[in-house]
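A.B. asks:
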Amino acid sequence: MKKLSFFLLITSLAFLFNACEQPWHPLFNGQNLDGWETYIGTPLTGFEDLHSTATTDKVFQVVDVDGEKLIHISGEVNGSLATVDTFANYHLQLVFKWGETVYTTRNSGLLYHSFGEFGEAIGTWMVNIECQLKHDNLGDTYLMNNTCCETEVTKTYEQFMYSKGGELTQFGKDYNGPGIKKAVDAENPLGEWNTVELYSVGRTTVHVVNGKVTMVNTNTGKVEDGKIIPLSSGKIQLQSEGGDLFIKSVQVKPIKEIPAELLQ
Numbered sequence: 083m084k085k086l087s088f089f090l091l092i093t094s095l096a097f098l099f100n101a102c103e104q105p106w107h108p109l110f111n112g113q114n115l116d117g118w119e120t121y122i123g124t125p126l127t128g129f130e131d132l133h134s135t136a137t138t139d140k141v142f143q144v145v146d147v148d149g150e151k152l153i154h155i156s157g158e159v160n161g162s163l164a165t166v167d168t169f170a171n172y173h174l175q176l177v178f179k180w181g182e183t184v185y186t187t188r189n190s191g192l193l194y195h196s197f198g199e200f201g202e203a204i205g206t207w208m209v210n211i212e213c214q215l216k217h218d219n220l221g222d223t224y225l226m227n228n229t230c231c232e233t234e235v236t237k238t239y240e241q242f243m244y245s246k247g248g249e250l251t252q253f254g255k256d257y258n259g260p261g262i263k264k265a266v267d268a269e270n271p272l273g274e275w276n277t278v279e280l281y282s283v284g285r286t287t288v289h290v291v292n293g294k295v296t297m298v299n300t301n302t303g304k305v306e307d308g309k310i311i312p313l314s315s316g317k318i319q320l321q322s323e324g325g326d327l328f329i330k331s332v333q334v335k336p337i338k339e340i341p342a343e344l345l346q
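Heads up: the sequence shown at position 73 corresponds to 155 in the working numbering, and the numbers run straight through without jumps.
1) Could you please give me the residues that DSSP links to V295 through a beta bridge?
2) How far does the alpha helix (DSSP H) with D131 in it reach, from first residue to last?
3) Between G308, T238, G221 and T186, which has its C-alpha nearest V266's C-alpha?
4) Work out the CA separation of D139 and N292 for me, nearest whole Å.
5) Answer yes or no: the CB of V184 versus the heavy atoms of the ligand SAH, is any distance below 7 Å?
6) How would you write the range of the beta strand (DSSP E) that K330 sits in, first residue to last?
7) Assess contact between the segment 239 to 246 and the segment 271 to 283, defined as three or more Cβ pairs (one per stretch) separated by less than 8 Å. Is contact present?
8) I'd like to check one pair, V288 with I337: are the Cβ atoms closer than 8 Å?
9) Please return the same chain residues whose Cβ sits closer than 7 Å to the Cβ of E130, not counting the five positions on each side in sequence.
10) For the 8 Å Cβ check, are there 3 or more pairs between the segment 294 to 314 and the segment 222 to 233?
11) Starting from A342 and walking both ways along the alpha helix (DSSP H), at which residues does that stretch end?
12) Quick one: measure Cβ to Cβ for T223 and L163, integer angstroms, because I've assumed they're closer than 8 Å.
13) Indicate whether at least one CB of chain C lies closer than 8 Å to the CB of T187.
14) In three-state terms, what does DSSP make of V283?
15) Which residue wins for smallest C-alpha separation from S331, given the options L115, M297 and S315?
16) So for D139, helix, strand or coil by DSSP?
17) Helix, strand or coil: how does DSSP classify Q104 here?
18) Mind the definition here: the segment 311 to 327 touches the segment 182 to 197 only if three or more C-beta pairs lie below 8 Å; say whether that holds.
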């Protein structure tokens, strides 16, 4: 009887825990780009003629593919698709795949903790921290403008690579550079869907690609007048940057902590 009561107690607690878990909130409603802002920035090198004819409705649009509504980002010009809302303490999931059209490279990014005005970063984007979506670099970190973070890394071939238990190192344009390489290549073959998850709680962010942790950044911030100001929230941006891609879904839910297994 005691064993049965204990089992029932554990089952009840598990049910209550799951019931308290927050549901996903879709950022793409499956019909249009309500809730998003669009911006066209600089031309791609060698494709200046496309910039002169580019429109936001052409670069960022919802298309029907085999009866399914998808976001299509053309990649023909540097541009931003940005949420109207600002997010903090969240778990975000993005499902995307590359198309067949390549202008310069299959390059894009999931830009988080975004702030300021369009065009402040590299002439196109709001200032941000980037989870790279670029082909062969999926899951890397890139710090735009004055953003910064600390990450455990090892150095190989003049590159810094995320490595759990490695040397905690400061990154940013004023420190050891803006780029940090992923710990593992988890990208699916071209033409297949990739699931990218971003966990952000306080000043810690975790990049997860197809179920594998590729990056853990801590002490995210921005440098102002030589001082690091904590940065733990912001808008989400998706890039148009050289190749076309399709987005099946992008959704977010609030969380209070990052799952322990992702930080081990």
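From the three backbone atoms N, C-alpha and C, an ideal C-beta is built for every residue, glycine too.
C.D. replies: In short, the structure shows the following:
1) V290
2) E130 to T135
3) G221
4) 30 Å
5) With respect to small molecules bound, the structure shown includes none, and the ligand SAH cannot be examined in it.
6) G325 to P336
7) no
8) no
9) none
10) yes
11) A342 to L345
12) About 20 Å; that fails the 8 Å criterion.
13) This model lacks chain C altogether; it includes just one protein chain.
14) strand
15) L115
16) helix
17) coil
18) yes
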